Amino acid sequence: MVKVPTKLVSWEEIVEWAIGLGKKIEASGWHPDMIVAVARGGYVPARLLCDYLGVTDLLSVQSQHWVEAARAAQKAIIRNAFSIDARGLRVLVIDDIVDTGETLALAKEFIGKAWGPEEVRTAALQWISPVAKFKPDYYYIEVKDWTWFQYPWTRLEDLMQFMERIFKEDERARAGLSDEELRSLFREWYGVGPEDFGSYWQLAIERLVGEGKVDFRDGKYYPSRGLLRG
Ligand code: ADE
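Counting from 95, one number per residue, gives the positions in the sequence shown under my numbering.
As structure tokens, this is what we get:
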């Protein structure tokens, strides 16, 4: 049984989805004057939409989940908040995915209050409808079963986190894993193949060793003491 259902998304799919999203926006008869990417996931979709819709004003706000130090609860915050005068403008805020929906909802609220635009609408390539508390005005794909979408712009970051989790949580990793064993555990956990990550695979494991999270000795990888403690 796969522990974390994962789908590897290709650059080609991203382009196809962004065009599909652009078509939906166009078909609604509404045209934004300005596009705002929610950092960081919205960057690539926002740039592709600017191209499709012929929009030249592209900005970004950083709306992120923040783990409160004392609690496990997470809430979204706007980082590096800044203000512009958007009076009279139709603003489209875009993110890659609406999962809980908190980050996009907060970005919309912030822009609406702080920038004073005529209208703010929201868009995402994907919307996970059963878990999201917020439905974007425009989306291309409705996801019915929660999945981790491994987008092409987070290959290294995700891969390192995927591997770290195996070393931390899988008992079998404590006895040490050969590269082949790590690959096979990876398939078991995530349902995707290491081969799909190309040169990122080697980079990710080297970084984990470099950061002291994974030890490498006698041809095997082990979780470091620090990783198991933390
Ligand atoms: N960011 C938040 N939720 C996500 C998901 N399910 N897949 C990829 N990126 C995400």
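No residue lacks a Cβ here, since even glycine has one placed at the ideal position from N, Cα and C. Keep in mind the model is a prediction, meaning the values are calculated, not measured.
Note on geometry: alpha-carbon atoms of residue 98 and residue 179 lie some 43 Å from one another.
Using a Cβ distance threshold of 8 Å, residue 132 and residue 205 do not count as a contacting pair.
For the set 124, 222, 301 and 183, the Cα lying nearest the Cα of residue 257 is the one of 301. Ranking 266, 196 and 191 by CA distance to the CA of residue 219 puts 191 first. Separation of residue 153 and residue 271 (C-alpha to C-alpha, rounded to the nearest whole angstrom) is 45 Å. Note on geometry: alpha-carbon atoms of residue 311 and residue 269 lie some 12 Å from one another. When DSSP assignments are scanned along the region 264-290, the uninterrupted stretches of alpha helix (DSSP H) that are 4 or more residues long and fall wholly within it turn out to be 273-284. When secondary structure is reduced to three states using DSSP, residue 216 falls in the strand class.
In the DSSP assignment, residue 125 is bridged to no other residue. Going by beta carbons, residue 253 and residue 298 fall inside the 8 Å limit. In the structure shown, residue 226 falls within a coil segment according to DSSP collapsed to helix, strand and coil. Residue environment analysis places residue 124 among the exposed positions, since fewer than 16 neighbouring C-beta atoms fall within 10 angstroms of its C-beta. If you draw a straight line from the Cα of residue 288 to the Cα of residue 184, it comes to about 43 Å. Annotation: residue 264 to residue 282 spans about 11 Å, alpha carbon to alpha carbon.
In terms of Cβ geometry, residue 198 and residue 228 form a close pair [threshold 8 Å].
By the Cβ neighbour-count rule, residue 307 is buried, with 16 or more other Cβ atoms within 10 Å of its own. In its chain, beyond the 5 residues on either side, 208 and 209 have a beta carbon closer than 8 Å to the beta carbon of residue 177.
Take residue 175, set aside five residues on each side of it, and the residues of its chain with a beta-carbon closer than 8 Å to its own are 155, 204 and 208, in chain order. Residue 311 has 314 as its beta-bridge partners, per DSSP. Here residue 244 is buried. Its C-beta has 16 or more other C-beta atoms within 10 Å. When distances are taken from the beta-carbon of residue 193 to the heavy atoms of ligand 1, the shortest one is below 7 Å.
Between residue 215 and residue 189 the beta-carbon gap is near 13 Å, outside 8 Å, which marks them as no contact.
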